[in-house]
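Going down the list, the sequences are from chains A and B.
Just so you know, we're using numbering that gives the first Met the number 0 here: the first sequence kicks off at 0 and counts up by one.
Just so you know, we're using numbering that gives the first Met the number 0 here: the second sequence kicks off at 0 and counts up by one.
By construction, the Cβ of each residue, glycine as well, lies at the ideal position given by its N, Cα and C atoms.
This report refers to the structure that appears directly beneath it.
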Amino acid sequence: MTMTLNRVSVPVIVDEGKCIADKGCTVCVDVCPLDLLAIDLLKGKAYMKYDECWYCLPCETDCPTQAIRVDIPYLLR
Amino acid sequence: MSNIIAEVDVLVIGGGTAGPMAAVKAKEKNPAAKVMLLEKAHVKRSGAISMGMDGLNNAVIPGHATPEQYVKEITVANDGIVNQKTVMAYAQESFNMINQLDRWGVKFEKDETGDYAVRKVHHMGTYVLPMPEGHHMKKVLYRQLKKARVEITNRYMATRLLLDEHGAIAGAMVLDTREGTFGVIRAKAVILSTGAAGRLGLPSSGYLFGTYENPTNAGDGYALAYHAGAELSGIECYQINPLIKDYNGPACAYVTGPFGGYTANSKGERFIECDYWSGQMMMEFYKELEGGNGPVFLKIDHLAEETISNIETILHTNERPSRGRFHEGRNLNYRTGMVEMHISEIGLCSGHSASGVWVDEHAATTVPGLYAAGDLACVPHNYMLGAFVYGKFAGESAAEYAAGRTLAPVDAAQVAQEAARVLGPLNNAEGFTPTQVEYKLRRFVNDYLQPPKVSRKMEIGLQRFAEIGADLPFMSATNPHELMRAMEVHFIRDCAEMAARASLYRTESRWGLYHYRVEHPEKNDADWFCHAQLKKNAAGDMTCFKRPIEPYIVPLDDAEKDAYNRMRIVKQAAVA
Numbered sequence: 000m001t002m003t004l005n006r007v008s009v010p011v012i013v014d015e016g017k018c019i020a021d022k023g024c025t026v027c028v029d030v031c032p033l034d035l036l037a038i039d040l041l042k043g044k045a046y047m048k049y050d051e052c053w054y055c056l057p058c059e060t061d062c063p064t065q066a067i068r069v070d071i072p073y074l075l076r
Numbered sequence: 000m001s002n003i004i005a006e007v008d009v010l011v012i013g014g015g016t017a018g019p020m021a022a023v024k025a026k027e028k029n030p031a032a033k034v035m036l037l038e039k040a041h042v043k044r045s046g047a048i049s050m051g052m053d054g055l056n057n058a059v060i061p062g063h064a065t066p067e068q069y070v071k072e073i074t075v076a077n078d079g080i081v082n083q084k085t086v087m088a089y090a091q092e093s094f095n096m097i098n099q100l101d102r103w104g105v106k107f108e109k110d111e112t113g114d115y116a117v118r119k120v121h122h123m124g125t126y127v128l129p130m131p132e133g134h135h136m137k138k139v140l141y142r143q144l145k146k147a148r149v150e151i152t153n154r155y156m157a158t159r160l161l162l163d164e165h166g167a168i169a170g171a172m173v174l175d176t177r178e179g180t181f182g183v184i185r186a187k188a189v190i191l192s193t194g195a196a197g198r199l200g201l202p203s204s205g206y207l208f209g210t211y212e213n214p215t216n217a218g219d220g221y222a223l224a225y226h227a228g229a230e231l232s233g234i235e236c237y238q239i240n241p242l243i244k245d246y247n248g249p250a251c252a253y254v255t256g257p258f259g260g261y262t263a264n265s266k267g268e269r270f271i272e273c274d275y276w277s278g279q280m281m282m283e284f285y286k287e288l289e290g291g292n293g294p295v296f297l298k299i300d301h302l303a304e305e306t307i308s309n310i311e312t313i314l315h316t317n318e319r320p321s322r323g324r325f326h327e328g329r330n331l332n333y334r335t336g337m338v339e340m341h342i343s344e345i346g347l348c349s350g351h352s353a354s355g356v357w358v359d360e361h362a363a364t365t366v367p368g369l370y371a372a373g374d375l376a377c378v379p380h381n382y383m384l385g386a387f388v389y390g391k392f393a394g395e396s397a398a399e400y401a402a403g404r405t406l407a408p409v410d411a412a413q414v415a416q417e418a419a420r421v422l423g424p425l426n427n428a429e430g431f432t433p434t435q436v437e438y439k440l441r442r443f444v445n446d447y448l449q450p451p452k453v454s455r456k457m458e459i460g461l462q463r464f465a466e467i468g469a470d471l472p473f474m475s476a477t478n479p480h481e482l483m484r485a486m487e488v489h490f491i492r493d494c495a496e497m498a499a500r501a502s503l504y505r506t507e508s509r510w511g512l513y514h515y516r517v518e519h520p521e522k523n524d525a526d527w528f529c530h531a532q533l534k535k536n537a538a539g540d541m542t543c544f545k546r547p548i549e550p551y552i553v554p555l556d557d558a559e560k561d562a563y564n565r566m567r568i569v570k571q572a573a574v575a
């Protein structure tokens with residue numbers, strides 16, 4: 000179908016220097032209640048794939064390397 | 000076609016709060032039973048309490064409250080429309096459940112003698128038990144699930160229940176939300192514990208996922224029960240909560256009230272007697288919000304420093320812990336300013352109000368083999384502890400029902416029809432995106448259903464919902480995630496129609512703001528002292544009907560009946 004590209008600033012920010020998805024970690028992807036995160040297989044890093052965040056924080060809290068920061072979505076900030 | 004992915008005795012749909020308890024209790028009741036817990040997210044961090052909870056709102060603890068007192072309080076808080084038997088069953092089990100959770104390692108606040116430190120928030124009795132370290136609740140539940148050997152299936156959503164030729168439960172039809180594949184789980188009994196219909200109204204920010212309830216809770220169970228022919232009740236008694244303006248958490252008067260915080264108007268004055276969430280309280284909140292003394296605030300800036308830092312610790316680590324960074328972004332410090340508040344979008348939730356799937360005191364719905372517990376099961380003001388208690392009832396009842404039964408044959412026609420509905424959006428190369436349809440649908444919910452309720456508006460709303468219903472088969476999904484959202488839009492649309500029809504049916508006002516009908520502003524006990532039920536009739540149409548209220552087992556006197564109608568603080572005239 001016809002696609003458009005609307006840029007948004009996403010609330011879940013991954014520090015790629017700290018993220019250890021390339022070592023097989025998928026904790027943030029597993030715990031997200033809305034299933035919004037994914038691993039970029041080329042980079043081996045987690046990222047926010049869908050902009051549907053509830054800013055509930057399990058991804059940030061459970062990340063073993065503190066690589067995630069969750070901002071309040073801009074519309075609500 | 001053979002797409003049977005599992006055959007179980009008891010299938011629990013929804014692994015948030017009530018669901019894990021139901022699954023564990025079903026296994027305890029019958030260790031030989033095969034019990035499966037199906038979860039749309041991951042059980043470790045799913046549901047309304049994904050980040051824990053800061054306290055119990057309805058603890059009935061000997062020495063502080065009796066089950067009879069609690070039944071009275073909830074009967075009055077819910078304007079008389081309760082099946083007291085269900086509330087009593089909860090109240091009598093409440094203390095056992097607290098002790099059970101305590102043994103499992105949930106940390107409740109205790110006083111110096113080791114007794115539970117219960118606090119007063121309700122209008123009449125004392126029922127609030129803080130859990131300052133309640134953020135570990137899901138871990139406690141997860142450990143019990145593993146110990147009980149419950150089979151956990153994450154990232155699956157149920158799309159319809161499967162019925163046998165007599166209309167009894169035969170299982171559920173499900174979607175793998177990661178793979179986009181459709182399947183059937185055969186079950187002798189099913190427990191619905193899918194939470195509130197929290198993605199119904201649109202938050203005033205316009206942000207689809209900024210809802211009070213976990214937005215995964217799209218009303219799945221309400222729609223599943225409805226299409227299976229179950230009775231729903233009190234749908235017109237919406238959930239509307241007082242929240243922080245622009246943020247989806249309470250400010251929160253339950254936590255701060257016992258420390259001396261209170262809900263105030265722009266002058267910093269109290270205007271309600273009691274911060275317990277009831278429709279009557281929300282009505283006063285709404286009037287103040289819209290009036291000349293608005294908006295409404297939570298006031299705690301007058302408290303001592305150690306009290307405020309204690310409150311901060313509780314509020315910024317539990318339930319909605321991102322609250323702290325929200326305040327930071329708005330430069331709000333509890334010490335120097337009041338917290339601006341607003342009212343939430345509408346939803347359906349019996350945990351907070353009374354809109355739910357009808358259940359008896361054993362958590363049984365009106366469909367044989369179907370049980371319900373938690374926010375979606377109609378036991379008014381049941382909250383988290385009620386979810387645990389009814390989870391226990393549902394687990395035990397379902398295990399008992401399943402024992403000695405055989406699996407019902409699978410009706411291929413039902414499965415084929417559902418497979419076509421569910422997988423349709425993947426086959427539509429062109430079409431509406433689920434996000435666009437959802438946004439429009441939920442905007443209409445706000446435009447036409449939000450109280451004050453106006454008949455003509457709700458009728459127009461029904462027309463719009465029907466038109467959106469016709470659009471649904473033309474949604475397109477490019478991946479399994481979008482397909483999950485598309486199926487949720489179906490649930491949300493069903494809930495919107497239920498909300499409109501149930502609200503139009505009850506031609507009186509009741510429960511304060513929850514069901515304030517402008518053309519019928521008074522409560523009318525002569526015609527409407529009854530439950531208003533909703534179900535799909537034999538012809539497939541949504542119908543409403545009355546169900547008489549069972550005689551009270553705990554009678555109320557006239558002064559008590561009126562207690563929640565005197566919410567507004569009346570200023571005494573100054574003595575000359």
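Own chain residues within Cβ distance below 6 Å of residue i, not counting five before or after
i        : result
B/Val517 : Pro451 and Val453
B/Gln532 : Glu230, Ser232, Phe544 and Arg546
B/Met282 : Gly511 and Leu512
B/Leu331 : none
B/Lys391 : Met20 and Lys24
B/Ala22  : Val11, Val34, Leu36 and Val149
Per DSSP, the bridge partner or partners of residue i
i        : result
B/Thr339 : In the sequence as displayed, the identity of residue 339 of chain B is Glu instead of Thr. Answer is B/Phe296.
B/Tyr370 : B/Ile190 and B/Ala363
B/Tyr115 : B/Lys109
B/Gln649 : Nothing can be reported for residue 649 of chain B, as the shown portion of chain B is limited to 0 through 575.
B/Tyr155 : B/Asp175
B/Ala5   : B/Ile184
A/Asp14  : According to DSSP, which records beta bridges pairwise, A/Asp14 is partnered with nothing at all.
Min CB distance residue i to chain A below 9 Å
i        : result
B/Leu425 : no
B/Thr16  : no
B/Ala40  : yes
B/Phe643 : Residue 643 of chain B is absent from the model: chain B starts at 0 and stops at 575.
B/Met337 : no
B/Tyr246 : yes
B/Ser577 : Any question about residue 577 of chain B goes unanswered here, given that chain B covers just 0 to 575.
B/Ser343 : no
B/Pro214 : yes
B/Phe325 : yes
B/Gly205 : yes
B/Met50  : yes
B/Ser192 : no
B/Gly13  : no
B/Thr312 : no
B/Arg484 : yes
B/Gly346 : no
CB contact below 9 Å: residue i versus chain B
i       : result
A/Pro63 : no
A/Tyr49 : yes
A/Ile71 : yes
A/Tyr46 : no
A/Val30 : yes
Neighbourhood of residue i by C-beta, 8 Å cutoff - its chain only, sequence neighbours within 5 removed
i        : result
B/Pro214 : Gly197, Arg198, Leu207 and Phe208
A/Val30  : Pro57, Cys58 and Asp61
B/His351 : Ala195, Gln238, Asn240, Trp276, Asp374, His380 and Tyr382
Residue from the options whose Cα sits closest to the Cα of residue i
i        : options                                   : result
B/Val569 : B/Asp446, B/Glu268 and B/Gly194           : B/Glu268
A/Val69  : A/Asp14, A/Arg6, A/Met2 and A/Lys44       : A/Asp14
B/Asp241 : B/Thr158, B/Phe284 and B/Gly205           : The sequence given here has Pro at residue 241 of chain B, not Asp. It is B/Phe284 whose Cα lies nearest to the Cα of B/Pro241.
B/Met156 : B/Cys494, B/Pro554, B/Ala485 and B/Tyr513 : B/Ala485
A/Leu40  : A/Ala20, A/Val9 and A/Leu75               : A/Ala20
B/Ile48  : B/Val59, B/Tyr211 and B/Asn264            : B/Tyr211
B/Val366 : B/Asn426, B/Pro61, B/Met123 and B/Ile190  : B/Ile190
B/Arg492 : B/Ala167, B/Gly200 and B/Pro66            : B/Gly200
B/Thr477 : B/Gly13, B/Glu429 and B/Tyr438            : B/Glu429
B/Phe296 : B/Ser265, B/Ile307 and B/Asn317           : B/Ser265
B/Arg463 : B/Lys535, B/Ser475, B/Pro479 and B/Asn445 : B/Asn445
B/Asp300 : B/Thr335, B/Ile3 and B/Tyr126             : B/Thr335
Neighbourhood of residue i by C-beta distance below 7 Å, restricted to the same chain and skipping five residues each side
i        : result
B/Gln279 : Gly511, Tyr563, Asn564 and Met566
B/Ala90  : Val59, Pro66, Tyr69 and Val70
For the stretch 501 to 573 of chain B, which segments carrying the alpha helix (DSSP H) assignment without a break, of at least 4 residues, lie completely within its bounds, in sequence order? 524 to 527 and 557 to 560
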